[in-house]
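Undergrad: Dropping the structure in here first, questions after.
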Amino acid sequence: MRKLENSELDRKSIEAFKQSEKTPLILVLDDIRSLHNIGSVFRTADAFLIEKIYLCGITATPPNKEIHKTALGATETVTWEHHENVLAVIEKLKAENVMTLAIEQVESAVFLQNFEVQKGEKYALVFGNEVYGVSQEAVALCDGCIEIPQLGTKHSLNISVSAGIVVWDLFQKLNWPK
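Under our numbering, the residue at position 15 of the sequence shown is numbered -1, and the numbers go up by one with no gaps.
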């Protein structure tokens, strides 16, 4: 086995990325404090051709040197918007027939491995603050909730790790159904 060189990876140009058909996933980041988490989510969104990111509340926006450290240019490819109020964004997405899903530990949440995607459906995944998670108001407004099962002593994951896990799971379910 030989490790591939970057030149062998056949990466898209920024223009080719923008023209590509996108994965029907939208990410909503609400009150994310860490600029590194924001940048990491942008990089994940780029890797899986995510349609859009909504940055809400106190979530910082590009251009930002600290976001760029982890995004590594993904802020130039992934479409994003900033809105003050996450509830207004969720209502807007629902009005556009986008299935809104909070990624949170709540009563009646569906465990990620049991969540089934529907062909032709577009999904918005709502991720909350590093300490407080998705607000109760946002949870109540969403169409449903997905929980990542955790078996250890901790009851939470880093927001960028959670985004990577959930995006990969839904991406593969949308693209390579059994």
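The beta carbon of each residue, even a glycine, is placed where N, CA and C say it ideally should be.
Verify the CB distance criterion: does V90 have a CB-CB separation below 8 Å to chain C?
TA: Annotation note: the requested chain C is absent from the structure, which comprises a single protein chain.
Undergrad: Output yes or no for whether 8 Å exceeds the beta carbon distance between F1 and T43.
TA: Along the sequence shown, one-based indexing puts residue 1 at 17. Along the sequence shown, one-based indexing puts residue 43 at 59. Not in contact: F1 and T43 (Cβ atoms no closer than 8 Å).
Undergrad: So, using beta-carbon positions, are I16 and I22 closer together than 8 Å?
TA: Against the sequence shown, residue 16 aligns to sequence position 32. Against the sequence shown, residue 22 aligns to sequence position 38. Yes, the pair counts as a contact, with Cβ atoms nearer than the cut-off.
Undergrad: I'd like to know whether the C-beta atoms of N142 and D14 end up nearer to each other than 8 Å.
TA: In the sequence shown, residue 142 corresponds to position 158, counting from 1. In the sequence shown, residue 14 corresponds to position 30, counting from 1. Not in contact: N142 and D14 (Cβ atoms no closer than 8 Å).
Undergrad: Measuring CB to CB, does L96 end up less than 8 Å from V150?
TA: Looking up residue 96 in the sequence shown gives position 112. Looking up residue 150 in the sequence shown gives position 166. Their beta carbons are under 8 Å apart, which means L96 touches V150 by this criterion.
Undergrad: Give the single residue among I(-2), E(-11), L(-12) and I34 whose Cα lies nearest to the Cα of K106.
TA: The residue you call residue 106 lines up with position 122 of the sequence shown. That would be I34, whose Cα lies nearest to the Cα of K106.
Undergrad: Restricting to Cα atoms, I'd like to know which of Q3, E75 and G136 is closest to D127.
TA: On the sequence shown, residue 127 is found 143 positions in, with the first residue counted as 1. That would be E75, whose Cα lies nearest to the Cα of D127.
Undergrad: Using only CA atoms, which one of D30, S4 and K157 lies nearest to I64?
TA: The residue you call residue 64 lines up with position 80 of the sequence shown. In the sequence under discussion, the amino acid at residue 64 is Trp, which differs from the Ile named in the question. W64 has its Cα closest to that of D30, out of D30, S4 and K157.
Undergrad: Which runs of the beta strand (DSSP E) fall wholly inside the stretch 75 to 126 and span at least 3 residues, in chain order?
TA: Runs of the beta strand (DSSP E) inside the stretch 75 to 126: 83 to 87 and 107 to 111.
Undergrad: For R(-14), does the count of other Cβ atoms within 10 angstroms reach 16, so buried, or fall short, so exposed?
TA: Here residue -14 corresponds to residue number 2 of the sequence shown, with the count starting at 1. Exposed, by the Cβ-count rule.
Undergrad: Which residues in the same chain have their Cβ closer than 6 Å to the Cβ of G148, if we skip the five residues on either side of it in sequence?
TA: Your numbering for residue 148 matches position 164 in the sequence shown. If we look at G148 and ignore the five residues flanking it on each side, its Cβ neighbours are T28.
Undergrad: I'd like to check one pair, A86 with V118: are the Cβ atoms closer than 8 Å?
TA: As a working note, residue 118 is residue 134 in the sequence shown. As a working note, residue 86 is residue 102 in the sequence shown. Going by C-beta atoms, V118 is nearer than 8 Å to A86.
Undergrad: Please name the residue in L39, D(-6) and E5 whose C-alpha comes closest to that of N69.
TA: By one-based count along the sequence shown, residue 69 stands at place 85. Cα-wise, what sits closest to N69 is L39.
Undergrad: Leaving out five residues before and five after C129 in sequence, what residues of the same chain have Cβ atoms less than 6 Å from its Cβ?
TA: The residue you call residue 129 lines up with position 145 of the sequence shown. For C129, where only same-chain residues beyond five positions count, the Cβ hits under 6 Å are A86, E88, V90 and A93.
Undergrad: Quick one: using the 10 Å Cβ neighbour count with 16 as the cut-off for buried, is A58 buried or exposed?
TA: Position 74 of the sequence shown, counted from the start, is the residue given in the question as residue 58. Buried, because 16 or more other Cβ atoms sit within 10 Å of the Cβ of A58.
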